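> Here it is, the structure in full.
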Amino acid sequence: MSQKRFFHDGNIFNYSMQEQSFECVTPTSPNGSGVCDVPVKKYYRKAAHRRIFVNRSLHLENIKFYGFDMDYTLAEYKSPQYEQLGFDLVKERLVSMGYPKEIMQFEYDPSFPIRGLWFDTLYGNLLKVDAYGNILVCVHGFEFLKHSQVYELYPNKFLKLDESRVYVLNTLFNLPETYLLACLVDFFTNSSEYTEDRTGVKAGELFMSFNSIFQDVRRAVDWVHIQGDLKKRTVENLDYYVKKDPRLPMVLARIRESGAKVFLLTNSDYNFSNKIMTYIFDFPHGAKPDEPHRDWKTYFDVIVVDARKPLFFGEGTILRQVDTETGALKIGTHMGPLQPGQVYSGGSCEVFTNFINAKGKDVLYIGDHIFGDILKSKKIRGWRTFLVVPELVQELHVWTDKCQFFAELQQLDCQLGEMYKNLDSSNKEKPDISKLRASIRDVTHKMDMAYGMMGSLFRSGSRQTFFSSQVVRYADLYAATFLNFIYYPFSYMFRAPAMLLPHESTVAHEQRYQIEAPMIQRARPTKADSTTASGSHVATDNGAQVVKEVEKEVETTTDEKTVTVPHTRPSTPRTVTHTHDEDYSEEESDPNNKSDGENADDANGKEARKTPK
């Protein structure tokens, strides 16, 4: 089968597998005849696995600096091998802290944890919530709580994001921790040696709160990452834990060939970074097959390790130079400039951007950490942002492979609409929608389970998750890997799709909506409107006639204002005043910023730009 059909926002699309493009085939009829009299438009789209997705328009020509995180961005760790390693090391650390040896029997299950869950340290629950804190899924250990059970703990199925109570498990490094918390809560609440209390477990005179379990796990995770064997075990078996992609040097080289600069900004120390980077750039060739191999540092204009993000985007730390021979830090504060081939430690975003002479929107920073990389760089410094979401590979697979579930949901929505179609407030009998609601729940559950035990990273049924809302709010671009840049020219204009509200996405343009008596009239009345209201003017849909009427109104208004009180109402702007999300440069967005040739206007051109007074 060379084509698949999709339904989205009331539109019908055919997807050509051969051409890897979408074609809108929705019948449209502006004149209400029911016959398609508008040419069908064909939207070209790259294959999903090659695409970069857009939340806010971004023109690559305006980007002067491309910044990269290392972990899970330049260096992608293999899953579930790397999560399994972290899980096992944290278990060992907890046992050394006094936890029962039985927990060493826990086995990591990659089908359970997802990013973006909240851990409620009061009740020991993992929560999947929407953008506003409404609870979508609640799990206590491995028990998925029912509707009534959730209401007992959380009135209105809502929880406020309070940092003293809630910990957001946002990163890929949090996946083993997420699963281990579920394992521990399940172990202690089901063990015959412990009795469950509302906020913890008891064993004789011992009380262990869920909060204390969480704090112990957090300390164990930090110890494993900073002082433990995680890095040592990783570099001992790089081929098993770290992916290599020959496109990496090619993409970085092409960015620099486009005229932009490239920098590395990572929280990892130099010794670990050097081993990882040396491995992922270890190819017999350079950026091109016919070029010789070169050191990884030559692909970057500036290299900063030990950045301590998100602190880097605030007050920061002391900027010091690294001795690349020993990995030791040189004494004193580095006062600049930043030299290619050198490696620096720490610093702050303010100092860094001053050294490289960059403004906020000159920089596109690419990372996997929604808080440390994306949120803070966007919110505090105004950098443009690119979020790496490796889970998109699985998300897109389910979205396309299980499209029948989405089609079923839309069909059920249509049936629901039909049941209420001819009813209004005068009807006393209620239609029986119980079977339909049960069907909707059943299909939604099948949809969720297609992604894994906790469902999709981005949604639960039709509701977007907290993680999804953070992506939309703070990531200008996102993709499964930044290597998808290889499929775009570096002059590309990423244009965001329209973010439609329900009154826009569910109302077709061909429907004609006549205004009867608006509460608030925002359309400016013209002479033509006044004449129409008195019954002496016949409205016309002729575009040229409308333009003439508007021009006549402007001339009349101008004449009137020369003999009456000036500025009785604001003049309609004659140039663009609304800043749309098109990522124009200052030169493009400023109508007065013209070249010498454009400034040599004739009299008519000057007259056309005047604002009526």
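Just so you know, numbering that gives the first Met the number 0 puts 509 at position 510 of the sequence shown, and the rest follows in order with no gaps.
C-beta: ideal position from N, C-alpha, C; glycine also.
Given the structure is predicted, the values throughout are model-derived calculations rather than measurements.
Compute the beta-carbon to beta-carbon distance between residue 404 and residue 446, rounded to the nearest angstrom, for a pair I have assumed lies under 8 Å.
Rounded, the Cβ-Cβ distance is 4 Å, consistent with contact.
> Could you spell out where the beta strand (DSSP E) holding residue 189 opens and where it closes?
Careful: residue 189 lies outside any beta strand (DSSP E), inside the alpha helix (DSSP H) at 174-189.
> Tell me the DSSP secondary structure of residue 596 in three-state form.
Unreliable placement is indicated for residue 596, whose pLDDT of 44 sits below 50; the coordinate value is still reported in the next sentence. Reduced to three states, the DSSP call for residue 596 is helix.
> Are the stretch 195-213 and the stretch 221-236 in contact at 8 Å, needing three or more beta carbon pairs?
With a cut-off of 8 Å, the stretch 221-236 and the stretch 195-213 do not count as touching, because too few Cβ pairs lie within range.
> Identify, in the order they occur along the chain, each residue of the same chain with its Cβ nearer than 8 Å to the Cβ of residue 94, setting aside the five sequence neighbours on each side.
Hits under 8 Å: 100, 102 and 103.
> Counting only runs of 3+ residues fully inside the stretch 360-392, write out the beta strand (DSSP E) ranges in chain order.
Here the runs fully enclosed are 362-366 and 383-387.
> Please classify residue 62 as buried or exposed, where buried requires at least 16 neighbouring CB atoms within 10 angstroms.
By the 10 Å Cβ count, residue 62 comes out buried.
> State buried or exposed for residue 413, treating a residue as buried only when at least 16 other CB atoms are found within 10 Å of its CB.
Residue 413 should be labelled exposed.
> With DSSP run on the structure shown, which of helix, strand or coil describes residue 404?
Here residue 404 sits in helix by DSSP.
> Going along the chain, which residues of its own chain have a beta-carbon closer than 7 Å to the beta-carbon of residue 149, five neighbours each way excluded?
Counting only Cβ-Cβ distances below 7 Å, and skipping sequence neighbours, we find 134, 137 and 156.
> Taking just the CA atoms, how far does residue 139 sit from residue 364?
Each residue's Cα considered, the two are about 37 Å apart.
> Please confirm whether residue 366 and residue 380 have their CB atoms less than 8 Å apart.
Taking 8 Å as the Cβ cut-off, residue 366 and residue 380 do not qualify as a contacting pair.
> Assuming residue 262 and residue 300 form a contact by the criterion Cβ under 8 Å, report the distance between their Cβ atoms to the nearest whole angstrom.
About 6 Å separates the two Cβ atoms, so the contact holds.
> Extract the residue ranges of the beta strand (DSSP E) inside the stretch 188-243, only unbroken runs of 3 or more that lie entirely within it.
List check, beta strand (DSSP E) in window: 194-196, 199-202 and 205-208.
> What ranges does the alpha helix (DSSP H) occupy inside the stretch 433-473, keeping only unbroken runs of at least 4 residues that lie completely in it?
Listed in chain order, they are 433-450 and 465-473.
> According to DSSP, what are the bridge partners of residue 413?
For residue 413, which the question treats as bridged, DSSP gives no partner whatsoever.
> How many angstroms separate the CA atom of residue 188 from the CA atom of residue 219?
Each residue's Cα considered, the two are about 21 Å apart.
> Look up residue 333 in the DSSP assignment and say whether it is helix, strand or coil.
If DSSP states are grouped into helix, strand and coil, residue 333 belongs with coil.
> Across the stretch 279-290 and the stretch 318-327, are there enough close Cβ pairs to call them in contact, namely three or more that are closer than 8 Å?
No, the stretch 279-290 does not touch the stretch 318-327.
> Just verifying my parser: in three-state terms, what is the DSSP assignment at residue 96?
Residue 96: coil per DSSP, three-state reduction.
> For residue 233 and residue 129, what's the separation of their Cα atoms in angstroms?
The straight-line gap from Cα to Cα measures roughly 35 Å.
> Locate the alpha helix (DSSP H) running through residue 319, then write down its first and last residues.
Element bounds for residue 319: not the alpha helix (DSSP H) but the beta strand (DSSP E), 319-321.
> Would the stretch 481-493 and the stretch 249-266 be scored as touching if the rule is three or more Cβ pairs under 8 Å?
Short answer: they touch.
> How far does the alpha helix (DSSP H) with residue 133 in it reach, from first residue to last?
Note, residue 133: premise wrong, no alpha helix (DSSP H); not H, not E.
> In or out: residue 371 buried (at least 16 other Cβ within 10 Å) or exposed?
The residue in question, residue 371, is buried, as its Cβ has 16 or more Cβ neighbours within 10 Å.
> Taking its Cβ as the centre, do 16 or more other Cβ atoms sit within 10 Å of residue 519, making it buried, or is it exposed?
Its Cβ having fewer than 16 others within 10 Å, residue 519 is exposed.
> Answer yes if the stretch 49-59 comes into contact with the stretch 491-504, meaning at least three C-beta pairs across the two stretches below 8 Å, and no otherwise.
Because the criterion of three Cβ pairs below 8 Å is met, the stretch 491-504 and the stretch 49-59 touch.
> Buried or exposed for residue 419, going by 16 or more other Cβ atoms inside 10 Å?
Exposed.
> Can you tell me the Cβ-Cβ gap for residue 268 and residue 221, rounded? I've got them flagged as a contact below 8 Å.
About 15 Å; that fails the 8 Å criterion.
> Do you know whose CA, among 255, 289, 177 and 478, lies nearest residue 298's CA?
It is 255.
> Take residue 457 and list the residues in its own chain whose beta-carbon comes closer than 8 Å to its own, dropping the five residues that flank it on each side.
Only 394, 463, 464, 466, 467 and 470 meet the Cβ criterion.
> Pull up the distance between the alpha-carbon of residue 313 and that of residue 70, whole angstroms please.
Distance between the alpha carbons of residue 313 and residue 70: 21 Å.
> Here's the rule: buried if 16 or more other CB atoms are within 10 angstroms of the residue's CB, otherwise exposed. What is residue 131?
Exposed, because fewer than 16 other Cβ atoms sit within 10 Å of the Cβ of residue 131.
> Which of the three DSSP states is assigned to residue 110 in this structure?
Three-state result, residue 110: coil.
> Between residue 211 and residue 349, what straight-line distance do the alpha-carbon atoms span, to the nearest angstrom?
Approximately 38 Å between the Cα atoms of the pair.
> For residue 535, name the three-state secondary structure that DSSP assigns.
Residue confidence for residue 535 is low, a pLDDT of 44 falling below 50, so the modelled location carries little weight and cannot support an answer.
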